[in-house]
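Undergrad: If you scroll down you'll find the structure; I have some questions about it.
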Ligand SMILES: CC(C)(COP(=O)(O)OP(=O)(O)OC[C@H]1O[C@@H](n2cnc3c(N)ncnc32)[C@H](O)[C@@H]1OP(=O)(O)O)[C@@H](O)C(=O)NCCC(=O)NCCS
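Rendered as structure tokens:
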């Protein structure tokens, strides 16, 4: 089991807890490997409101996707509100959607197959959408 916590400097504001149950200062990203399927992990990212729309989410998901790939993870799932387009866009940057399943109360479960990371993508400037690289692996 791996558990990546890409912590960033804490803001002075009190931490918040997002719909995924993640408490944040500035931002937190996590990737937790499924105990039954070693190639699958659950991903969650939360950026504090004051820090949103500055590319932090994109930076985190790119770093996390590369770390996950290096650890042998090829697919990850995410649970979010159906209308969470910001997270959907982030997921689309690093993978291709395999399935989408509606759950309770406007929540959806998504499964994405990760793209093969490239240095260009992984080191892309925050806020820039760099080129995707796909793989059959
Ligand atoms: C989803 C979430 C992680 C996105 O984080 P974020 O840091 O705002 O994401 P980014 O800044 O990388 O991208 C968001 C938008 O800001 C834009 N942006 C990026 N850099 C920017 C900059 N320098 N200036 C202005 N806008 C910028 C991006 O283009 C993107 O816009 P778009 O949606 O129109 O494409 C954040 O909204 C969040 O924490 N939500 C609450 C928790 C949550 O729902 N998590 C998902 C479920 S696990």
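In the working numbering, the protein residues as written are 181 to 317.
C-beta: ideal position from N, C-alpha, C; glycine also.
Do you know offhand how far residue 247's Cα is from residue 214's?
TA: Counted from its first residue, the chain shown places residue 247 at position 67. Counted from its first residue, the chain shown places residue 214 at position 34. Looking at the two C-alpha atoms, the distance is approximately 15 Å.
Undergrad: Please confirm whether residue 276 has its beta-carbon closer than 7 Å to some beta-carbon of chain E.
TA: Structure shown: chain E not included; a single protein chain is present.
Undergrad: Within 10 angstroms of its Cβ, does residue 216 collect 16 or more other Cβ (buried), or is it exposed?
TA: In the chain shown, residue 216 corresponds to position 36, counting from 1. Residue 216 is exposed by the Cβ-count criterion.
Undergrad: Kindly indicate which three-state DSSP category residue 285 falls into: helix, strand or coil?
TA: Counting from one through the chain shown, the residue named residue 285 turns up at place 105. Three-state result, residue 285: coil.
Undergrad: Between the region 256-274 and the region 226-241, are three or more C-beta pairs nearer than 8 Å?
TA: With a cut-off of 8 Å, the region 226-241 and the region 256-274 count as touching, because enough Cβ pairs lie within range.
Undergrad: Quick check on the DSSP output: what are the complete beta strand (DSSP E) runs of length 3 or more inside the region 199-264, in order along the chain?
TA: 207-213, 220-227 and 255-261
Undergrad: Here's the rule I'm using: 16 or more other beta-carbon atoms within 10 Å means buried, otherwise exposed. How should residue 207 be labelled?
TA: Residue numbering aside, residue 207 sits at position 27 when the chain shown is read from its first letter. It counts as buried.
Undergrad: Looking only at its own chain, which residues have a Cβ that is under 6 Å from the Cβ of residue 223, when we skip the five neighbours before and after it?
TA: In the chain shown, counting from the first residue as 1, residue 223 sits at position 43. Cβ within range, chain order: 211, 256 and 258.
Undergrad: To the nearest angstrom, report how far apart residue 279 and residue 288 are at their CA atoms.
TA: Position 99 of the chain shown, counted from the first residue, corresponds to residue 279. Position 108 of the chain shown, counted from the first residue, corresponds to residue 288. Distance between the alpha carbons of residue 279 and residue 288: 10 Å.
Undergrad: Ordered along the chain, which non-local residues of its own chain (more than five positions away) have a Cβ less than 7 Å from that of residue 252?
TA: By one-based count along the chain shown, residue 252 stands at place 72. Excluding residues within five positions, the ones whose Cβ falls inside 7 Å are 218 and 219.
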